Amino acid sequence: MRRLFPVTDETAAPASDGVPGTPGTPGTPGTETVAREWGLDELAEAYAYPVGVAGPEGPEPWLRANMVSTLDGAAQHDGRSQPISSAADMRIFGTLRGLADVVIVGAETVRQEGYRPARAREDFAARRAAAGQGPAPAIAVVSASLDLDFSLPLFASPLLPTLLLTGAAAAPDRIAAAEKAGARVVIAGDGAGVDPARAVRALADLGLRRLLTEGGPRLLGQLVAAGVLDELCLTVSPMLTVGDAQRIAGGPSVAVPRRFELTSLLEEAGFLFSRYRRT
Numbered sequence: 014m015r016r017l018f019p020v021t022d023e024t025a026a027p028a029s030d031g032v033p034g035t036p037g038t039p040g041t042p043g044t045e046t047v048a049r050e051w052g053l054d055e056l057a058e059a060y061a062y063p064v065g066v067a068g069p070e071g072p073e074p075w076l077r078a079n080m081v082s083t084l085d086g087a088a089q090h091d092g093r094s095q096p097i098s099s100a101a102d103m104r105i106f107g108t109l110r111g112l113a114d115v116v117i118v119g120a121e122t123v124r125q126e127g128y129r130p131a132r133a134r135e136d137f138a139a140r141r142a143a144a145g146q147g148p149a150p151a152i153a154v155v156s157a158s159l160d161l162d163f164s165l166p167l168f169a170s171p172l173l174p175t176l177l178l179t180g181a182a183a184a185p186d187r188i189a190a191a192e193k194a195g196a197r198v199v200i201a202g203d204g205a206g207v208d209p210a211r212a213v214r215a216l217a218d219l220g221l222r223r224l225l226t227e228g229g230p231r232l233l234g235q236l237v238a239a240g241v242l243d244e245l246c247l248t249v250s251p252m253l254t255v256g257d258a259q260r261i262a263g264g265p266s267v268a269v270p271r272r273f274e275l276t277s278l279l280e281e282a283g284f285l286f287s288r289y290r291r292t
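Residue numbering for the sequence shown is 14 to 292, as defined by our numbering.
What follows is the structure, encoded as structure tokens:
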């Protein structure tokens, strides 16, 4: 892996063959452009959450999304993201989870991707303990209908109770079934659906302020439209799939396009790993 942006004197310097890039200092992200596999500590530093703005009850929440897209804009192939991913993408996927307090995911993605509980990882244990975090992030599923299989491991055997974000109009029998299965139901909307801004605040009120969403496209579209997405971590896969797969975000268009700025760009084996923050 090598850093392409931001450009530094080291990354811009010509090598002996005249091509930009020098070996730099191994283990120091940003000082080398010769490809090598970064360790988890290096990735954790590269993807660290920003220091939050102090609020009345502590740091403000920060919501980042992690998505992958092919060159022709497909977020999935045959309904799943794994075929367009890579080993480096999965290392970053694990790093982002290792840094988060909670992972927010849509119900359809839970069904299609076969979501399982987040696991505690020894590599992140000391870092999470120092940050005052539990052993693994909680999983928060966004669902209006609560039409989910509560016998799945995500609900039956999580390390931390799975959270269900839903609206006040959710069917009482489904709420009861979820709670019986051990899930924690969080009301984050006055109607049948979830209000994205209210969901972010509800999670922050539970002490979960480092937020990560892994989609799917419909959920990401709702978060973008509501103006609550702070950061997008986008992997660009060097593949073309054609077909009619969804983009990374779906739903009605916003009145004015949301503007984000590039803050980091890494590369490995032709895959580009970008970070964009809301301007």
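Ideal Cβ placement from N, Cα and C applies to all residues, glycine included.
Note that this is a predicted model, so its numbers are computed, not measured.
In chain order, what residues of the same chain have a beta carbon less than 7 Å from the beta carbon of residue i, not counting five sequence neighbours either side?
i	result
residue 108	53, 56, 57, 60
residue 146	114
residue 149	131, 132, 133, 172, 173
residue 264	231, 234, 235, 238
residue 221	114, 115, 151
residue 12	Any question about residue 12 goes unanswered here, given that the chain covers just 14 to 292.
residue 62	75, 112, 223
Residue i: which of the options sits nearest, CA to CA?
i	options	result
residue 250	152, 128, 94	94
residue 106	235, 246, 124	246
residue 176	185, 184, 161, 151	151
residue 229	182, 212, 118, 240	118
residue 213	285, 235, 192	235
residue 215	51, 74, 143, 254	74
residue 242	224, 259, 51	224
residue 123	86, 161, 89	161
residue 290	263, 244, 260, 104	244
residue 169	190, 136, 180	190
residue 88	270, 183, 126, 209	126
residue 64	85, 104, 144, 78	144
residue 181	90, 211, 219	211
residue 139	276, 112, 269	112
residue 207	128, 183, 269	183
residue 195	217, 257, 179, 164	164
residue 320	19, 219, 136, 86	Because residue 320 is not part of the residues shown, which for the chain are 14 to 292, the question remains open.
residue 77	18, 240, 192	240
residue 179	193, 218, 120, 219	120
residue 261	92, 219, 193, 197	92
residue 259	219, 86, 217, 104	86
I'd like the list of long-range same chain contacts for residue i, defined as Cβ closer than 6 Å, with 5 residues on each side in sequence excluded.
i	result
residue 186	none
residue 141	none
residue 287	247, 278
residue 51	14
residue 90	96, 97, 254
residue 153	115, 117, 176, 178
residue 217	74
residue 17	278, 280
residue 302	What is shown of the chain runs 14 to 292, which leaves residue 302 out entirely.
Quick one: is residue i buried, meaning 16 or more other Cβ sit within 10 Å of its Cβ, or exposed?
i	result
residue 80	buried
residue 82	buried
residue 166	exposed
residue 274	exposed
residue 227	buried
residue 272	exposed
residue 84	exposed
residue 292	exposed
residue 129	exposed
residue 270	exposed
residue 19	exposed
residue 268	exposed
Quick one: residues in its chain with C-beta nearer than 8 Å to the C-beta of residue i, no 5 flanking neighbours on either side, listed in chain order?
i	result
residue 284	99, 101, 102, 248, 249, 250, 251
residue 66	Because the pLDDT of residue 66 is 49, which lies under 50, any placement of that residue in the model is unreliable, and the question is left without a value.
residue 257	none
residue 192	198
Do we get a CB-CB distance below 8 Å when we pair residue i with the residues of chain D?
i	result
residue 87	This model lacks chain D altogether, as it is built from one protein chain only.
Taking one C-beta from the stretch 152-169 and one from the stretch 199-208 each time, how about it: are there three or more such pairs within less than 8 Å? yes
Please give me, in chain order, every unbroken run of the alpha helix (DSSP H) with length at least 4 that falls completely inside the stretch 69-116. 100-112
Segments of 4+ residues assigned as alpha helix (DSSP H) that fall wholly inside the stretch 210-272: 230-238
Length-filtered (4 minimum) alpha helix (DSSP H) runs lying within the stretch 178-211: 185-193
Could you tell me which whole beta strand (DSSP E) segments of length 3 or greater appear in the stretch 125-176? 151-155
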